[in-house]
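Here our numbering is used: the first residue of the sequence shown is -13, the next is one more, and so on.
Heads up, the beta-carbon is just placed ideally off N, CA and C, and yes, glycines get one too.
First comes the structure, then the notes that go with it.
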Amino acid sequence: MSLSDLAGAVSGAIYRQIGRANGRVQRHRPLAVDVLENETSYLVVLDAPGAGADDVQVRYLEGTVRVHIDRFRQFHDGYEMRFPGRGMTLEGEADLPDDALVEPDAGTATLTESGALRIEIPKQAAVDDVEIEEAVEPGADGIAIDD
């Protein structure tokens, strides 16, 4: 083995280790998330590059939207993996406002071609204000009532 071959082997090993470390950091760093609101729904948007629809799990629990993504690497004929830097497991979550009343079973998740995951959760229909009249009991206002 020549000195050049040894240097190439060492640099390749170091490069792969840096890539694996980068992938582990991605696994433990939550996905960036935007929470938007309009009159009828909340919209949660996360970046999910390289994910397919079957890779994504979305859960709603007690006001929090949780996303878990298990991506897979595509192998390319004639290429060797030099820097495995993308994390294969990604997670993120978004808390909706404390006063949010939603219908999570009616929510939809869409994975766009550019890799954005859009989760739309409709708000519960507004309850009509019901006017309640206060009943006045006889004698409650201090007025004597003749029997």
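Discussion item. According to DSSP, is Pro108 part of a helix, a strand, or is it coil?
Written reply: On the sequence shown, position 122 is the one that residue 108 refers to. Strand, per DSSP.
Fill in: Ala80 in three-state terms, based on DSSP
The residue given as residue 80 occupies position 94 in the sequence shown. Ala80 carries a strand assignment under DSSP once its states are collapsed to helix, strand and coil.
Practice prompt. Out of Ser100, Asp20, Leu87, state which residue places its alpha-carbon closest to the alpha-carbon of Arg52.
Written response: Within the sequence shown, numbered from 1, the residue matching residue 52 stands at position 66. Closest option to Arg52, Cα to Cα, is Asp20.
Item to complete: Report yes if the C-beta distance between Gly78 and Leu22 is below 8 angstroms; otherwise report no.
Response: On the sequence shown, position 92 is the one that residue 78 refers to. On the sequence shown, position 36 is the one that residue 22 refers to. Using a Cβ distance threshold of 8 angstroms, Gly78 and Leu22 do not count as a contacting pair.
Practice prompt. Using alpha carbons as the reference points, say which of Asp81, Ser(-12), Ala18, Val42 lies closest to Leu97.
Written response: Position 111 of the sequence shown holds residue 97. Answer by Cα proximity: Val42.
Worksheet item: Given a threshold of 16 other Cβ atoms within 10 Å of its Cβ, counted over all protein chains shown, does Tyr65 qualify as buried or as exposed?
Response: If you number the sequence shown from 1, residue 65 lands on position 79. Tyr65 should be labelled exposed.
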